[in-house]
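Here our numbering is used: the first residue of the sequence shown is -2, the next is one more, and so on.
Using N, Cα and C, we set each Cβ at its ideal position, and we do this for glycine too.
Note that the structure is predicted; figures quoted are calculated from it, not measured.
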Amino acid sequence: MPGKVEKRIEELREIIREHDYKYYVLAEPVISDQEYDALIKELEKLEAENPQLITPDSPTQRVGKDLTKDFKQVEHKVPMLSLANTYNEEELFDFDRRVRSALPEGEKIEYVVEPKIDGASVSLHYVNGYLQTAATRGDGTVGEEITANVKTIRSVPLKIKENKSIKNSLSDIEVRGEIFMKINDFRKLNKEREEKGEKLFANPRNSSAGTLKLQDPQLVARRPLNAFLYQLISVDEEFESQYDNLQLLKKMGFNVNREFKLCKTIDEVLMACRELEEKRDSLEYEIDGAVIKVNSVRQQKILGSIAKSPRWAVAFKFKAKQEFTTINKITWQVGRTGTVTPVAELTPVFLSGSTISRATLHNFDEITRKDIREGDRVVIEKGGEVIPKVVAVVLSERKPGSKPTKPPEVCPACGTSLFKPEGEVAYYCENTECPDQIKGRLEHFAARGAMDIEGLGEALIELFVDKKFLHTYADIYDLKNKREELIAIERLGEKSVDNLLSAIEESKNQPFAKVLFALGIRYVGAGAARKLATHFNSIDAMINASEEEISEIHEIGPSISGSVKKFFASEANIKIIDRLKKHGLNFSSQKEIIKENLFTSKSFVLTGTLSGFSREDAGEKILALGGKVVSSVSKKTDFVIAGENAGSKLDKAKSLGIKIITEEEFINMLNEAG
Ligand code: IVH
């Protein structure tokens, strides 16, 4: 009888959901793994026999088979803001003062203090109780749809738990939070990667963010991702407070971090922050601070937001974690542009989620200033950035007979005499054929933000350069003619060579802006490459442009334009580009044909602070619609968009009679055009 089967399927799903909740959210499993597997097997069997009964929220449907080609863009109904940071007591008290002065006098203000989870933010959209879509934060306004990947995370309910005590209808809600990896899971993952010779992740945060962008949900499912949720948003429902929302989220079956606290005064807030900081090392996951939120949703609304951050919340950043260790040796590393940087080789220590064995010493001036020497006992620190640094020398423990560090005279990789430009702190190796520069350029070319060639990392590049398979970027695309020779290299199996070769072919689809970034032109970072690519549309137009023409582009300064010109003046570089063109890389953007709209060929000046976007984001939107963004107001300007605290540009626009629009009018224009 189909009715009976249907009922059993529903029942099994409910039971499995409950066990998932107990295991992944509460961490209190009540059945053995075998018993759990038996339930899953029974459900799988019934669903296989009755495929018409499979629903997307079934626990068997967590891991999809389809590969994601491009992540679709999703616009956030409510922008995903970021938080302003505070670093000490005074700044926290300032925040409290600002909150008080913006609210009617005498209002009672309460705060919720939560840990600031160091992961990747996510937004989950549930309709009628079912997970519909999941998206990354992106630029805060538009994110990428990563539903298939998020569905694999067992602590994220595919269906919200029913609970009689919930009074709200919750038919259309957004739940936001953070995807993260537990420190132990991260270490295990990295160990496995090391054994397979794969590139290691720098920390749990990068590892989570990288995993979410994988194109194969089956691979994602094998990574130990987790999620903490902390924000509940509904367009048509009023909520009381953040504290109540956290309780509500818990009842709905979400994994809510339990370290949150309701505080009645700012002193209590400070205490809660300090307590969290003390607890930091004993937690299973990484936190980099506390988040303080005004509890009342009504008060949050009065406070609103400025630029990209709410006025009702702030982050309290913890001090960077520090450790003691010893510098065994100071080595000099040659970067892809020839800069020679000192590196401290350390006795390995565990710090903030990973084992540190090297730290940057920045430049020789830094070494002199801190008098850093080989053999010294030092304090190292990992701040916001991934690479740790040496903060201080423990002079009382300095070994007798230690000598001050000397600057290098020749390049450690090729022996060429080094050059130190006037007024710069860095030493340079000017030999473009220096093997370390060659390796550095190739690494940059293949890296994730550039051509994104999976598998072509530091170790393989080193090997291929030493074996003379690779010299310039263009050689990468000739590797396919050397398949047999590559397979013959010990360590590389047939399968991994084929995977690499197909990743290389795949990289030919990277858009022009990424190719331009991959070329590694000095000062041309990912952002500048995007601007240049949008402006010129093709590499030929760029090669033919004058230096003045390049530097007239909004936010492209003289050092970038000079460096671009110099790069294209080199015959060797032009030859490489020609070879890459023949291989089929994108050297022009297939510009979408943008329909004529309010922005077409109009020039805009942005001034003051916008509340919904950064100026950069607003600028990109204008460019995407065919408009231009210029930095100063002139008679040729068509519109000036004036945010809060706009200054002299606004006055100038008024005096020239240029049309001035508010942020709201700008948003209306965007909606009309797009
Ligand atoms: S609240 C408007 N709460 O920190 C409120 N954020 O710069 C914005 N984060 O992008 C977020 N733990 O990804 C909030 N308990 C927490 C958080 C948290 C981590 C992240 C979040 C956000 C960033 C803020």
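Go ahead and label residue i buried or exposed: buried means 16 or more other beta carbons lie within 10 angstroms of its beta carbon, across all protein chains shown.
i    : result
I163 : exposed
D241 : exposed
T322 : buried
K379 : buried
E482 : exposed
V124 : exposed
R488 : exposed
S120 : buried
G623 : buried
G398 : exposed
E544 : exposed
K290 : buried
P56  : buried
Q297 : buried
K563 : exposed
Q434 : buried
E15  : exposed
R255 : exposed
G335 : buried
P48  : exposed
Y84  : exposed
S204 : buried
Can you tell me which residues form a DSSP beta bridge with residue i?
i    : result
I170 : Y123 and S231
P339 : W329
T323 : R374
R535 : Rather than Arg, the amino acid found at residue 535 in this sequence is Ser. Per DSSP, S585.
F416 : Y425
I658 : I638
I303 : S306
T83  : F313
Y108 : C260 and V291
T352 : F347
V387 : I377
K156 : Y127
Could you tell me the distance, in whole angstroms, from the CA atom of residue i to the CA atom of residue j?
i    : j    : result
N360 : I619 : 40 Å
D285 : L222 : 18 Å
Q239 : G616 : 34 Å
E86  : L273 : 15 Å
E641 : A530 : 31 Å
G437 : A287 : 38 Å
G446 : S629 : 32 Å
S98  : F90  : 12 Å
D93  : I458 : 53 Å
L577 : V22  : 50 Å
R271 : P112 : 11 Å
R594 : N665 : Here residue 594 turns out to be Asn, not Arg, going by the sequence shown. For N594 and N665, the distance between alpha carbons rounds to 13 Å.
I170 : E41  : 30 Å
I536 : Y470 : 16 Å
E275 : N534 : 53 Å
D54  : L155 : 5 Å
Y474 : K465 : 14 Å
L246 : E102 : 32 Å
R333 : R612 : 32 Å
R519 : G372 : 35 Å
V217 : I13  : 21 Å
Q228 : E427 : 53 Å
G174 : G609 : 20 Å
L226 : S118 : 9 Å
C411 : P432 : 7 Å
A356 : D368 : 16 Å
A24  : I573 : 56 Å
V602 : E159 : 51 Å
R190 : E491 : 19 Å
A35  : E451 : 37 Å
V521 : Y424 : 20 Å
Counting only C-beta atoms, is residue i closer than 8 Å to chain C at any point?
i    : result
A485 : In the displayed structure, chain C is absent; only one protein chain is listed.
Give, in chain order, every unbroken run of the beta strand (DSSP E) that is at least 3 residues long and sits entirely within the region 577 to 642. Given a length threshold of 3 residues, each whole run of the beta strand (DSSP E) inside the region 577 to 642 is given here in chain order: 600 to 604 and 636 to 639.
Length-filtered (4 minimum) alpha helix (DSSP H) runs lying within the region 225 to 296: Positions of the alpha helix (DSSP H) runs, each at least 4 residues long and wholly inside the region 225 to 296, are given as 239 to 248 and 263 to 276 in order along the chain.
Residue ranges of each alpha helix (DSSP H) run of no fewer than 4 residues wholly in the region 487 to 538, ordered along the chain? If only uninterrupted alpha helix (DSSP H) runs of at least 4 residues are considered, those enclosed by the region 487 to 538 are 491 to 503, 509 to 515 and 523 to 533.
Ranges of the alpha helix (DSSP H) found wholly within the region 28 to 65, counting only runs of at least 4: For the region 28 to 65, the continuous alpha helix (DSSP H) assignments of 4+ residues that do not extend past its boundaries occur at 30 to 46, in sequence order.
Minimum length 4: unbroken alpha helix (DSSP H) runs contained in the region 436 to 491: Segments of the alpha helix (DSSP H) lying fully in the region 436 to 491: 455 to 463, 470 to 473 and 480 to 485.
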